[in-house]
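K.L.:
Residue numbers (our numbering), protein chains in the order written: chain A, -8 to 131; chain B, 818 to 1097; chain C, 2 to 110.
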Amino acid sequence: MQMTRRDLFALAAGLAAAGLIRMPAHADEAKVEAAIKEFAGGMPETGGVELGAPEIAENGNTVPIEVAAAGATSIMILASGNPNPGVGTFHFTAMSAESRASTRIRLAQTQDVVAVAKMADGSTKMARREIKVTIGGCGG
Amino acid sequence: MNKMIAFGAAAVVALAIGQATADEEAELVIDGQAFVTKLDAPDDSPLPEILSGWRFRNSETQELQTDDFENPAMIFAEYGEELWATAEGETGKSCADCHGDASESMRGLRASMPRWHEGKDTLFTLEDHINWSREEHQKAKPWKWESQEMLAMTAYIGLQSRGMPVAVKTDGKAAPWFEKGKELYYTRVGQLDMACAHCHENNYGNMIRADHLSQGQINGFPVYRLKWQGMGSLHRRFKGCMDNIRATPYKRGSDEFTALELYLASRGQGLSVETPSLRN
Amino acid sequence: MANIKPRVKVPGKAKAGEAVTIKTLISHPMESGQRKDRKTGELIPRKIINKFVATYNGETAFSMDLEPAISANPYIEFSVKLAESGTMRFEWTDDDGSVYDIEKEIQVA
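Next comes the structure, spelled out in structure tokens:
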């Protein structure tokens, strides 16, 4: 079959439409960076923050996560691949035995999770790691 | 949860070696109580060994079930405990008014379900039993199969058998139901033309896309599924399986699902009841 | 769940200055505002717990801001060290303004 210009156009439009549909609705890197800067007042150095999470989460609806940073007054968690990057922020006090907390989070897809810690002296630290999210097909 | 950070580091190493997502050697202990999650199959079993679904989950999911506080299914069991003591229906009686302390009167019930009900002359699931008692003794409206109340009550009654071995009767009047359930288990259905056995007998332990196939044991139902972010019944799970193979599911509480439940329970004789359990 | 119920795990006794782990769980759907109603196709309005605060003898011991990306039935674990006996009060604030709370006594020796 010879391809006419009209066919080609239809094909291109179809591909574009398919591409649009397949575009995952996720936070872009700019939004993540903005959230980090708003919280930390700049880009923090990497290191000094523990970010505990499963390497592969069996279900993205409930992913256990733990963060810790010695001397932190607050730790913010961001999910770079969610529709909105914000997840939650822990605030520690003089009563905290250590600056460590755990919770369970929703991840829409495999993505980097970021933890940003604000220290008592005003300095900031950051950790980033990928969590693979299983998209299982089984069981309504 | 402090273990998790250490685990994360270890997992990087594990992954480099292989797809070691499930910890199949771990043993289930809840607040000091040991559970049977693996046992040798009897000679007449189609399975070489019997494995609880808990064994197919990864370490983080497994861990959530080892602590009754961290297991969100326990919220439902607690709600069930409240309902147990709540007066209902025209008679104004609560479950406790007749059955007293559930930890005594309900102990062992879940392990023996489904079982024959002489009065109604049919095979009863735990849900059937609860609704029969509501209508008969409380003169109350039956609960919907998948209602929060029914899930809470089945979780609470099931909890009273936790740790006891599954022991269902498949002979006598239950025998034709057992045969019917077995037939359903091996019958191909749906557009994908698959039977239960294709995934859960021939391929347990293998991955189907990203899912780690289990033996489809039912000793933990009702379960809190991370995917559902809530509690669900066994028959909901059956429906999910049938939807996935593009079959028209039977109804919750139907004779077909009840027969299948009996047959599946018999394939897991001896496993500890884990109700209310946690799965992915 | 038919009812929103807080649960906390707090040791009844603790040694002064020693780390004590506190676990909390509240039954709540954490409706993200991003899900669509399967029948109508319309977005289900957001309704989440957005704030959690633990106070001890009236002073803030720990708090958390929550976003829709926190899972249903939010679980929060943290640790404290206490100098004296007292009451720990836990408060969860809902989008609709409701506050769910629970209190626990801790004997510190």
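For every residue, glycine included, the Cβ atom is placed at its ideal position computed from N, Cα and C.
(1) Just verifying my parser: in three-state terms, what is the DSSP assignment at PHE1101 (chain B)?
(2) Hey, is PRO15 (chain A)'s beta-carbon within less than 8 Å of any beta-carbon in chain B?
(3) Tell me the start and end of each unbroken alpha helix (DSSP H) in the region 915 to 996 of chain B that is at least 4 residues and wholly inside, in chain order.
(4) List, in chain order, every chain B residue whose beta-carbon is nearer than 9 Å to that of ARG8 (chain C).
(5) Taking only three categories from DSSP, how would you classify SER1094 (chain B)?
(6) Would you kindly work out how many angstroms separate the C-alpha atoms of GLY917 (chain B) and ALA1082 (chain B), rounded to a whole number?
(7) With a threshold of 7 Å on Cβ separation, who are the neighbours of ILE834 (chain B) within its own chain once the five nearest residues in sequence on each side are excluded?
(8) Is any beta-carbon of chain A found at less than 8 Å from that of GLN1034 (chain B)?
(9) CB-CB under 8 Å to PRO46 (chain C), same chain, minus the five flanking residues each way: which ones, in chain order?
(10) In chain C, what lies closer than 8 Å to GLN1086 (chain B) by C-beta?
(11) What does the alpha-carbon distance come out to for the pair ILE12 (chain A) and THR53 (chain A)?
(12) Using the rule of at least 16 other Cβ atoms within 10 Å of the residue's Cβ for burial, across every protein chain shown, is ASN1061 (chain B) buried or exposed?
(13) Could you spell out the range, first to last residue, of the beta strand (DSSP E) harbouring LYS855 (chain B)?
(14) If the cut is a Cβ gap below 9 Å, which residues of chain A does THR61 (chain C) touch?
(15) Using a threshold of 8 Å, state whether the C-beta atoms of VAL11 (chain C) and ILE23 (chain C) are closer than that.
(16) Verify whether the separation of the beta carbon atoms of ASN51 (chain C) and THR88 (chain C) is less than 8 Å.
(17) Starting from MET86 (chain A), trace the alpha helix (DSSP H) both ways and give me its first and last residue.
(18) I'd like the span of the alpha helix (DSSP H) that includes PHE1074 (chain B), first residue to last.
(19) Can you find a C-beta in chain A that's less than 8 Å from the C-beta of LEU1043 (chain B)?
(20) Would you mind giving the Cβ-Cβ distance between ALA88 (chain A) and VAL21 (chain C), rounded to the nearest angstrom? I have them listed as a contact below 8 Å.
(21) For GLY77 (chain A) and chain E, any beta-carbon pair shorter than 8 Å?
(22) Do VAL40 (chain A) and ALA106 (chain A) count as a contact pair if the criterion is CB distance below 8 Å?
(23) Three-state secondary structure (DSSP) at GLN850 (chain B)?
(24) From the DSSP output, in three-state form, read off ALA26 (chain A) for me.
(25) Whole angstroms are fine: how far does the CA of LEU1077 (chain B) sit from the CA of PRO863 (chain B)?
(26) Please identify the residue among B:ASP848, B:GLY1022, B:PHE1055, B:MET967 whose C-alpha is closest to the C-alpha of THR1075 (chain B).
(27) By a C-beta neighbour count over all protein chains shown, 10 Å radius and 16 as the cutoff for buried, is GLY1047 (chain B) buried or exposed?
(28) Return the CA-CA distance between THR903 (chain B) and ASN75 (chain A), expressed in angstroms with no decimal places.
(29) Quick one: using the 10 Å Cβ neighbour count with 16 as the cut-off for buried, is SER920 (chain B) buried or exposed?
(30) For TYR1041 (chain B), name the three-state secondary structure that DSSP assigns.
(31) If you reduce the DSSP assignment to three classes, tell me which class PHE1055 (chain B) lands in.
(32) Determine the DSSP secondary structure at GLY38 (chain A), reduced to helix, strand or coil.
(33) Would you say ALA1027 (chain B) lies against chain A (beta-carbon separation less than 8 Å)?
(34) Between LEU1088 (chain B) and the rest of its own chain, which residues show a CB-CB distance below 8 Å, the 5 nearest in sequence each way excluded?
(35) Could you name the residues of chain B that ILE96 (chain A) contacts, counting a contact when the two beta carbons are closer than 8 Å?
(36) So, helix, strand or coil for LYS999 (chain B), using DSSP?
P.N.:
Taking the structure as given:
(1) For residue 1101 (chain B) there is no data in the structure shown, the boundaries of chain B being 818 and 1097.
(2) Translated into positions along the first sequence, residue 15 (chain A) becomes position 24. Bear in mind that a pLDDT of 46 at PRO15 (chain A), under 50, signals an unreliable position, so the number given afterwards is only what the model happens to contain. Not closer than 8 Å to any Cβ of chain B, the Cβ of PRO15 (chain A) fails to qualify, so no.
(3) As far as the region 915 to 996 of chain B is concerned, its whole alpha helix (DSSP H) runs of at least 4 residues are 919 to 922, 943 to 950, 965 to 976.
(4) Counting from one through the third sequence, the residue named residue 8 (chain C) turns up at place 7. For a Cβ distance threshold of 9 Å, residue set PHE886, MET891, ILE892, GLU895 of chain B lies close to ARG8 (chain C), ordered along the chain.
(5) Sequence index remark: in the second sequence, residue 1094 (chain B) carries index 277 (1-based). Note: SER1094 (chain B) maps to strand in three-state DSSP.
(6) Reading the second sequence from its first residue, position 100 is the one you call residue 917 (chain B). Reading the second sequence from its first residue, position 265 is the one you call residue 1082 (chain B). Taking the straight line from one Cα to the other gives about 28 Å.
(7) Numbered from 1 along the second sequence, position 17 holds the residue referred to as residue 834 (chain B). Residue confidence for ILE834 (chain B) is low, a pLDDT of 29 falling below 50, so the modelled location carries little weight and cannot support an answer.
(8) Taking the first residue of the second sequence as 1, we reach residue 1034 (chain B) at position 217. No, because no Cβ of chain A sits closer than 8 Å to the Cβ of GLN1034 (chain B).
(9) Here residue 46 (chain C) corresponds to residue number 45 of the third sequence, with the count starting at 1. Excluding residues within five positions, the ones whose Cβ falls inside 8 Å are GLU32, GLY34.
(10) Sequence index remark: in the second sequence, residue 1086 (chain B) carries index 269 (1-based). Close partners of GLN1086 (chain B) in chain C (Cβ separation under 8 Å) are lacking, with about 33 Å as the shortest Cβ gap.
(11) Here residue 12 (chain A) refers to the residue found at position 21 when the first sequence is read from its first residue. Here residue 53 (chain A) refers to the residue found at position 62 when the first sequence is read from its first residue. Confidence at ILE12 (chain A) is low in this model, with a pLDDT of 39, below 50, so its placement is unreliable and the value that follows should be read with caution. Roughly 26 Å separates the two Cα atoms.
(12) Position 244 of the second sequence, counted from the start, is the residue given in the question as residue 1061 (chain B). Per the 10 Å Cβ criterion, buried.
(13) Here residue 855 (chain B) refers to the residue found at position 38 of the second sequence. LYS855 (chain B) -> beta strand (DSSP E) spans 855 to 857.
(14) Indexing the third sequence from 1 puts residue 61 (chain C) at position 60. Within 9 Å Cβ-Cβ: HIS82, THR84, MET86.
(15) In the third sequence, the residue the question calls residue 11 (chain C) occupies position 10. In the third sequence, the residue the question calls residue 23 (chain C) occupies position 22. Pairing VAL11 (chain C) with ILE23 (chain C) gives a Cβ-Cβ distance under 8 Å.
(16) Position 50 of the third sequence, counted from the start, is the residue given in the question as residue 51 (chain C). Position 87 of the third sequence, counted from the start, is the residue given in the question as residue 88 (chain C). It is not a contact, given that the beta carbons lie outside the stated cut-off.
(17) Here residue 86 (chain A) is taken as the residue at index 95 of the first sequence, counted from 1. Here MET86 (chain A) belongs to no alpha helix (DSSP H), and DSSP marks it neither H nor E.
(18) Walking along the second sequence from the start, residue 1074 (chain B) turns up at place 257. Looking at the DSSP string, the run of the alpha helix (DSSP H) that includes PHE1074 (chain B) is 1072 to 1084.
(19) Taking the second sequence and counting its residues from 1, one reaches residue 1043 (chain B) at position 226. Chain A, which has a Cβ nearer than 8 Å to the Cβ of LEU1043 (chain B), makes this yes.
(20) Residue numbering aside, residue 88 (chain A) sits at position 97 when the first sequence is read from its first letter. Residue numbering aside, residue 21 (chain C) sits at position 20 when the third sequence is read from its first letter. The beta-carbon distance between ALA88 (chain A) and VAL21 (chain C), rounded to whole angstroms, is 7 Å. This is short enough to meet the 8 Å contact definition.
(21) Of the protein chains in this structure, namely A, B and C, none is chain E.
(22) Translated into the one-based positions of the first sequence, residue 106 (chain A) becomes position 115. Translated into the one-based positions of the first sequence, residue 40 (chain A) becomes position 49. Taking a C-beta distance under 8 Å as the contact criterion, ALA106 (chain A) and VAL40 (chain A) qualify as a contact pair.
(23) Counted from its first residue, the second sequence places residue 850 (chain B) at position 33. Here DSSP, grouped into helix, strand and coil, assigns GLN850 (chain B) to strand.
(24) For the purposes of this step, residue 26 (chain A) is identified with residue 35 of the first sequence, where counting begins at 1. It is helical.
(25) Taking the first residue of the second sequence as 1, we reach residue 863 (chain B) at position 46. Taking the first residue of the second sequence as 1, we reach residue 1077 (chain B) at position 260. Distance between the alpha carbons of PRO863 (chain B) and LEU1077 (chain B): 16 Å.
(26) As a first step, residue 1075 (chain B) must be located in the second sequence, where it is residue number 258. Checking every option, the nearest Cα to that of THR1075 (chain B) belongs to B:PHE1055.
(27) Taking the second sequence and counting its residues from 1, one reaches residue 1047 (chain B) at position 230. Result: buried.
(28) On the second sequence, position 86 is the one that residue 903 (chain B) refers to. On the first sequence, position 84 is the one that residue 75 (chain A) refers to. So the two alpha carbons sit approximately 43 Å from each other.
(29) Here residue 920 (chain B) corresponds to residue number 103 of the second sequence, with the count starting at 1. Classification for SER920 (chain B): exposed.
(30) Looking up residue 1041 (chain B) in the second sequence gives position 224. Three-state DSSP puts TYR1041 (chain B) in a strand.
(31) Against the second sequence, residue 1055 (chain B) aligns to sequence position 238. Of the three classes helix, strand and coil, the one that applies to PHE1055 (chain B) here is helix, per DSSP.
(32) As a first step, residue 38 (chain A) must be located in the first sequence, where it is residue number 47. Strand at GLY38 (chain A).
(33) Taking the second sequence and counting its residues from 1, one reaches residue 1027 (chain B) at position 210. Yes, contact with chain A.
(34) Walking along the second sequence from the start, residue 1088 (chain B) turns up at place 271. Around LEU1088 (chain B): VAL853, THR854, LEU856, ILE867, SER869, PRO982, VAL983, GLN1034, ASN1036.
(35) In the first sequence, counting from the first residue as 1, residue 96 (chain A) sits at position 105. For ILE96 (chain A), there are no neighbours in chain B by C-beta distance under 8 Å, as the nearest C-beta there is about 12 Å away.
(36) For the purposes of this step, residue 999 (chain B) is identified with residue 182 of the second sequence, where counting begins at 1. The answer is helix: DSSP assigns LYS999 (chain B) an H, G or I state.
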